[in-house]
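Chains as they are written, first to last, in the numbering used here: chain X, 3 to 312; chain H, 27 to 434.
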Amino acid sequence: MALSLFNILIFPGFLFLGVYSLAFEYIDRIIYARMQNRQGPPWFQPLADFLKLVGKETIIPEDADKNIFKALPIFAMAAVTAAFLYVPITGVNSLFPFEGDLIVVLYLLTIPTLTFFLAGWMSSSLYSTIGAVRAMTQLFSYEVPLFMALLAPAILAGTWSLSGIAAYYHANPLWILVNIPAFLVAIVAIQGKLERLPFDMPEAETELCAGTFTEYSGRLLAIFRMAIDAELVVVAAIVAAVFFPIFVANAWLGFLIFVIKTLVVAFILAIFRSVMARIRIEQMVIFCWKYLTPVALLQIVINIVIKGVL
Amino acid sequence: MSKKVIVPIGPQHPALKEPACFSLTLEGEKVLSAVVGVGYNHRGLEKSCESRSYIQSLYIIERVCGICSHSHSTCFLQCAEELAGVEITRRAAYIRVLMGELERLHSHLLWLGVAAHLIGFDTLFCYAWRDRELVLDLLADLGGNRVNYGINTPGGVRRDVTPEQIQDILSTMDILDKQLAYYVELALGDTVLAARLANVGKLSKEECIHFGAVGPTARAAEVNYDIRKVGPTAAYAEIPFNVITDTHADVFGRTVVRVLEMVESVKMVRYAVANMPDGDILVKFPRKVPAGEVVSRYEAPRGEDVHYVKANGSEHPERVRVRAPSEANWHGMAHMIEGDYLADAPLIIAAIDPCYSCTDRAFVLNNNNTGEQQVFDWKQLRQYSIDFYKKEHGFDASKIKIAEKKHF
Numbered sequence: 003m004a005l006s007l008f009n010i011l012i013f014p015g016f017l018f019l020g021v022y023s024l025a026f027e028y029i030d031r032i033i034y035a036r037m038q039n040r041q042g043p044p045w046f047q048p049l050a051d052f053l054k055l056v057g058k059e060t061i062i063p064e065d066a067d068k069n070i071f072k073a074l075p076i077f078a079m080a081a082v083t084a085a086f087l088y089v090p091i092t093g094v095n096s097l098f099p100f101e102g103d104l105i106v107v108l109y110l111l112t113i114p115t116l117t118f119f120l121a122g123w124m125s126s127s128l129y130s131t132i133g134a135v136r137a138m139t140q141l142f143s144y145e146v147p148l149f150m151a152l153l154a155p156a157i158l159a160g161t162w163s164l165s166g167i168a169a170y171y172h173a174n175p176l177w178i179l180v181n182i183p184a185f186l187v188a189i190v191a192i193q194g195k196l197e198r199l200p201f202d203m204p205e206a207e208t209e210l211c212a213g214t215f216t217e218y219s220g221r222l223l224a225i226f227r228m229a230i231d232a233e234l235v236v237v238a239a240i241v242a243a244v245f246f247p248i249f250v251a252n253a254w255l256g257f258l259i260f261v262i263k264t265l266v267v268a269f270i271l272a273i274f275r276s277v278m279a280r281i282r283i284e285q286m287v288i289f290c291w292k293y294l295t296p297v298a299l300l301q302i303v304i305n306i307v308i309k310g311v312l
Numbered sequence: 027m028s029k030k031v032i033v034p035i036g037p038q039h040p041a042l043k044e045p046a047c048f049s050l051t052l053e054g055e056k057v058l059s060a061v062v063g064v065g066y067n068h069r070g071l072e073k074s075c076e077s078r079s080y081i082q083s084l085y086i087i088e089r090v091c092g093i094c095s096h097s098h099s100t101c102f103l104q105c106a107e108e109l110a111g112v113e114i115t116r117r118a119a120y121i122r123v124l125m126g127e128l129e130r131l132h133s134h135l136l137w138l139g140v141a142a143h144l145i146g147f148d149t150l151f152c153y154a155w156r157d158r159e160l161v162l163d164l165l166a167d168l169g170g171n172r173v174n175y176g177i178n179t180p181g182g183v184r185r186d187v188t189p190e191q192i193q194d195i196l197s198t199m200d201i202l203d204k205q206l207a208y209y210v211e212l213a214l215g216d217t218v219l220a221a222r223l224a225n226v227g228k229l230s231k232e233e234c235i236h237f238g239a240v241g242p243t244a245r246a247a248e249v250n251y252d253i254r255k256v257g258p259t260a261a262y263a264e265i266p267f268n269v270i271t272d273t274h275a276d277v278f279g280r281t282v283v284r285v286l287e288m289v290e291s292v293k294m295v296r297y298a299v300a301n302m303p304d305g306d307i308l309v310k311f312p313r314k315v316p317a318g319e320v321v322s323r324y325e326a327p328r329g330e331d332v333h334y335v336k337a338n339g340s341e342h343p344e345r346v347r348v349r350a351p352s353e354a355n356w357h358g359m360a361h362m363i364e365g366d367y368l369a370d371a372p373l374i375i376a377a378i379d380p381c382y383s384c385t386d387r388a389f390v391l392n393n394n395n396t397g398e399q400q401v402f403d404w405k406q407l408r409q410y411s412i413d414f415y416k417k418e419h420g421f422d423a424s425k426i427k428i429a430e431k432k433h434f
């Protein structure tokens, strides 16, 4: 009981996720800055930003439903934190693995996007509403390829559990090479999920001010931003667990490997972000359904065939 | 979202660096109609020139635009020198061209950065502005300031160019050559960039002529019109260069034109420093300018800049009129935005490289039948605002005491 509570609240649960996501934001920002020939922020900048936002006044629009408006950031944060508990960190096994946790994690990760939509819609501001609609349109385009890209390795592994997938590919590392198309699809779709360039239309600053978050301020915005940072960590951890099957028995060493793997994912995501321009929402829908989804489908077919031959 | 909504872009908006208001009527993400609202930045510069001497007016005219300050001051001086019957030396003309082309480089690099930022390509934004710093350093070295160089003076230029400065210019141009080659490759070849820029903000050749578009906006639609070629002033007639035109007639074309123009500008800067004649840089300019009126044109980075000066024989100009290039480009703006996506609206607005405060003018409407002037004085304006708030917001502002304006 005490150990579970420690796991949930401190490591690898809430507190660790918070600290690690701030560190991740720093890594992301410094790589982005370096790619742009800029100095970049000091290491404590994400924390300073967070604390500053927490200290600011929170303004709630008159037309918004106050309770829902306040609850949405907490929902987003809670969903992300819950998802993190099912991702393998120190070893092959996550904290509470069960058959089907991959699906649960993917659905938990959809909740933040839904809260972004609701947040924009509830704000009753023009920019937020357009941002909300864009967030929803975007969800429909990247969600399917992302799910398929993560389910394809699961089909080959014959399990719906993240820990099971990790264990399978740890035992048969060469099979991971089959999943390279799925990995590429996942990396692209993740940019959509995290609303980063080139898919950051919901909060396209130069068009919609802050998009869905235009009316958010103070503590509520801080929690939202934290949830977005945490989502980045969780998604990177999932990609690391599914596509980089390197695990060791030693917990400390395992944790170190986890850090390295997630940093590699963060590096890829940051590079991706810095070499791209924002595309239009309808271009994204076309791109996702025309190119990403067929590739992901092909991967599933390949994996089913291989599974049948085996 | 099938309902029609009106989205205001501005007066305060992250995409706009100066206040202006564009009301876009949207259906979904498509813009059905657009209303361009400028007029938030009127500064009364033309009027204030009338009570100042020519040399004082020059420094006001230089501040018409923060980016193309040299273009405006050169254009104004061309009028003044024509009126006074003063011809500047060839060396001064070459220095003016040198500054003008460096200014074009810095202005186009600035635009490239802004456009990249508007489509979320912050890496290109940082690169372009980093290279712009090199040009700004040169300008600061040559003129003394980064943006309002103040090198022009009636009758020539204030500062000469030294051999060391020429060395600096040449070495900077070498760096810029490399960078520009990269931008050319990027502008012509990058798929994501092309996907965002192509077929956006179309303005065909006929429409350009109809709306009176100038500069890169018009040249992107095959309008082969460059004041440096059709009516060369200063030393432009002696310096070889190509007028860049493009067939795309959209934001992509405008990008290509600007990037290739920078390559031409680098060549012109090289030619200007290599062939700079010796001699004086300044001739005497009379205090009093004989009566007359002159219109002068100059190719600013944003397009054709037109100045009109009327002299009455005194120390002060009687009337100064500045037709900034942005003013000519505004007319086609609503047409360009309509039918495109909301996501492209800031980009289309930025694609003419607008300068809001250069553009804003005050107009007095004269009613020909009654002879009435439709212009508010201070009291009427206050009364209007009180009535407006009472009607629109149910808020009575008449009790609020404000300080009496003494100057009006």
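Every residue, glycine too, gets a C-beta built ideally from N, C-alpha and C.
Computed from a predicted structure; not experimentally measured.
- THR149/H has a beta carbon lying within less than 8 Å of a beta carbon in chain X.
- In terms of Cβ geometry, PRO200/X and GLY146/H form a close pair [threshold 8 Å].
- Neighbours of ILE281/X across chain H, judged by C-beta separation under 7 Å: VAL218, ALA221 and ARG222.
- Pairing THR271/H with ASN250/H gives a Cβ-Cβ distance under 8 Å.
- DSSP places LYS72/X inside the alpha helix (DSSP H), whose first and last residues are 68-86.
- Of all alpha-carbon atoms in ILE302/X, ASN252/X and LEU294/X, the one lying nearest the alpha-carbon of ILE192/X is that of LEU294/X.
- Closer than 8 Å to the CB of MET203/X there is at least one CB belonging to chain H.
- For VAL33/H, the chain X residues whose C-beta falls within less than 8 Å of its own C-beta are LEU128, TYR129 and ILE132, listed in chain order.
- Annotation: the continuous beta strand (DSSP E) that includes PRO343/H extends over 343-349.
- Taking C-alpha positions only, ALA247/H is separated from THR273/H by approximately 5 Å.
- Under the criterion of beta carbons closer than 8 Å, ALA377/H and ARG280/H qualify as touching, at roughly 5 Å.
- DSSP places ARG323/H in the uninterrupted beta strand (DSSP E) bounded by 318-326.
- Within the stretch 192-221 of chain X, the residues whose Cβ lies closer than 9 Å to any Cβ of chain H are, in chain order, LEU199, PRO200, ASP202, MET203, ALA206, GLU207, THR208, GLU209, LEU210, CYS211 and ALA212.
- Using a C-beta cut-off of 8 Å, the stretch 342-358 of chain H makes no contact with the stretch 128-138 of chain H, since fewer than three inter-stretch Cβ pairs fall below that distance.
- Residues of the stretch 37-65 of chain X with a C-beta atom less than 9 Å from some C-beta of chain H are MET37, GLN38, ASN39 and ARG40, listed in chain order.
- Residues of chain H whose Cβ lies closer than 8 Å to the Cβ of SER276/X are, in chain order, ASP148 and THR149.
- Going by DSSP, ASP331/H is part of no alpha helix (DSSP H) but of the beta strand (DSSP E) stretching over 329-337.
- DSSP, reduced to helix, strand and coil, places VAL303/X within a helical segment of the structure shown.
- DSSP places ILE35/H inside the beta strand (DSSP E), whose first and last residues are 30-35.
- The C-beta of ARG36/X has fewer than 16 other C-beta atoms within 10 Å across all chains shown, which makes the residue exposed.
- A straight-line Cα-Cα distance of about 16 Å links VAL187/H and MET199/H.
- Chain-order list of chain H residues neighbouring GLN140/X: empty, with the shortest C-beta distance near 12 Å, by a criterion of under 7 Å.
- Cβ proximity to chain H below 8 Å picks out ILE281, ARG282, ILE283, GLU284 and GLN285 from the stretch 281-311 of chain X.
- Around the Cβ of GLN38/H, a 10 Å sphere holds fewer than 16 other Cβ atoms; the residue is exposed.
- Chain X places a beta carbon closer than 8 Å to that of HIS143/H, counting this residue as a contact.
- Below 8 Å, enough C-beta pairs join the stretch 59-70 of chain H and the stretch 350-359 of chain H to call them touching: three or more.
- For THR51/H, the uninterrupted beta strand (DSSP E) segment begins and ends at 47-53.
- The beta carbon of ALA66/X sits closer than 8 Å to the beta carbons of MET124, SER125, SER126 and GLU217 from its chain, once the five residues preceding and following it are set aside; these are given in chain order.
- Straight-line measurement puts the Cα of SER163/X at about 19 Å from the Cα of GLU145/X.
- The beta carbon of PRO37/H does not come within 8 Å of any beta carbon belonging to chain X, so the residue lies off that interface.
- Here LEU58/H carries a strand assignment [DSSP, helix/strand/coil].
- Chain X places no beta carbon closer than 8 Å to that of GLU107/H, leaving this residue out of the contacts.
- Under the DSSP definition of a beta bridge, GLY63/H partners with CYS47/H.
- The beta carbons of VAL89/X and SER96/X sit closer together than 8 Å.
- With 16 or more other CB atoms across the displayed protein chains lying within 10 angstroms of its CB, ASN178/H is buried.
- Inclusion of ILE93/H and GLY227/H in the CB contact set at 8 Å is not warranted, their separation being larger than that value.
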